[in-house]
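Structure first, commentary second.
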Amino acid sequence: MLVEIGEGRFGENPNEIKIPEEWMSKGDIIDEIFGDVMENYDPATVMKRAILATWNKDVDELNEQVLDLLDEETEVTYHAQDVYHYGDEILQAAGEIHQNYKTKNIKGLPSYRLRLRKNAIVMLIRNLSIEDGLCNGTRLVVTNLLKHNLVVKKINIDGSLSDEILIPRISLTAKHGVVDVTRHQFPVKLGFCMTINKSQGQTMDKVGVVLKHECFSHGQLYVAFSRVRSIEGLKVVLPEDKTSTANIVYKKLLELGKQ
1 MLVEIGEGRF GENPNEIKIP EEWMSKGDII DEIFGDVMEN YDPATVMKRA
51 ILATWNKDVD ELNEQVLDLL DEETEVTYHA QDVYHYGDEI LQAAGEIHQN
101 YKTKNIKGLP SYRLRLRKNA IVMLIRNLSI EDGLCNGTRL VVTNLLKHNL
151 VVKKINIDGS LSDEILIPRI SLTAKHGVVD VTRHQFPVKL GFCMTINKSQ
201 GQTMDKVGVV LKHECFSHGQ LYVAFSRVRS IEGLKVVLPE DKTSTANIVY
251 KKLLELGKQ
C-alpha cells in the first residue's frame with residue numbers, strides 16, 4: 001500500500017487518496033501518540049514516537065501542547081539576545097524592530113523565547129559536533145536546565161542514555177528582509193513533533209500525521225506514512241468532515257529515478 005502511495009497508484013484517484021478508517025485518529029492525537037508514556041516517562045520510548053505536520057506553525061503549536069504534559073515546576077524560559085545589522089551599521093534604538101522579531105519565527109534561528117521543561121525532547125538546529133553525533137536534526141532529552149547551559153542526553157542505538165552533554169548558547173545569524181539578525185540562544189527547538197520533511201530517514205514505533213494543511217511537495221505523504229515501523233502505529237488527523245487528502249506525485253521524477 002505504501003509503495004502504491006509513493007508511486008501515485010493508490011485508489012481510484014491517486015492524487016486525492018481516501019485515508020483508511022483504521023488509520024484515522026479517534027480524537028486527541030497527542031494522547032494517542034504520547035499519552036501512555038507520560039506517566040512513567042521513558043525518554044527512549046518517547047524518542048521512538050513523533051507527530052508530523054506539513055507546516056511549521058502546526059508543529060510549534062503541537063510541541064507546546066506536548067510540553068505542557070511535563071512537570072510544570074521544572075519549567076524555565078530562556079530569552080535570546082539579538083543584534084540587528086543593516087549593512088555595516090548596527091541598528092541602535094531598535095525597539096520596534098526588536099519587538100517584531102521577538103514574535104516571529106526566523107528561518108535558521110532558534111526562537112527568541114524558548115520554553116523548556118525537564119525531560120523535554122529537543123532537536124538541534126545546527127551542527128555542533130559531527131564527530132560526537134551532535135548534528136542538525138539530532139533529537140536529545142533535556143535532563144537539567146541551567147542558567148548558561150542545557151544538560152542533555154542522546155539515546156544510544158541500544159536504547160540506553162548517553163552521558164550528560166552540555167549545550168551552550170551560541171550566536172547565529174540569518175537575514176530577514178533587509179536586516180541581518182544575530183541571535184544568541186540555545187541552538188535547539190522542541191522535538192516531540194516535527195515537519196514531515198525533517199522526519200526523513202527516521203523510523204519510529206508510533207507516528208501521528210496531522211494534515212490540517214495538505215501535503216504540498218512530491219512524495220511528502222509517502223515520507224510521512226513510511227516513518228512508522230508498522231502501519232498499526234500510524235494515526236492520521238484530517239480537517240473536520242474530510243476523509244481524503246492530497247497525494248502529490250510527479251511521475252516523471254519517479255521515471256528519472258529508475259534510470
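Going left to right, the sequence shown walks through residues 1 to 259 as this note's numbering numbers them. Idealized CB from N, CA, C, for every residue including glycine.
- Under the DSSP assignment, T45 falls in the alpha helix (DSSP H) whose first and last residues are P43 to M47.
- Ranked by how close their Cα comes to the Cα of K57, the residues E39, K212 and K235 have K212 in first place.
- A direct Cα-to-Cα measurement between K235 and T182 gives close to 39 Å.
- The residue from I231, K118 and E164 with its alpha-carbon nearest to that of E73 is K118.
- Residue burial annotation: K154 is buried, with at least 16 other C-beta atoms found within 10 angstroms of its C-beta.
- DSSP places N144 in the strand class (E or B) of the three-state scheme.
- Contact check for I165 against L140 passes: the beta carbons are separated by less than 9 Å.
- Looking at the DSSP output, M38 sits in no beta bridge, so it has no partner there.
- At a cut-off of 3 residues, the continuous stretches assigned as beta strand (DSSP E) that sit fully inside the stretch 101-145 are 113-116, 121-124 and 139-145.
- The beta carbon of L91 lies closer than 8 Å to those of Y84, H85, I97 and V179 in the same chain, with the five residues before and after it left out.
- T245 sits in a strand when the DSSP states are folded into three classes.
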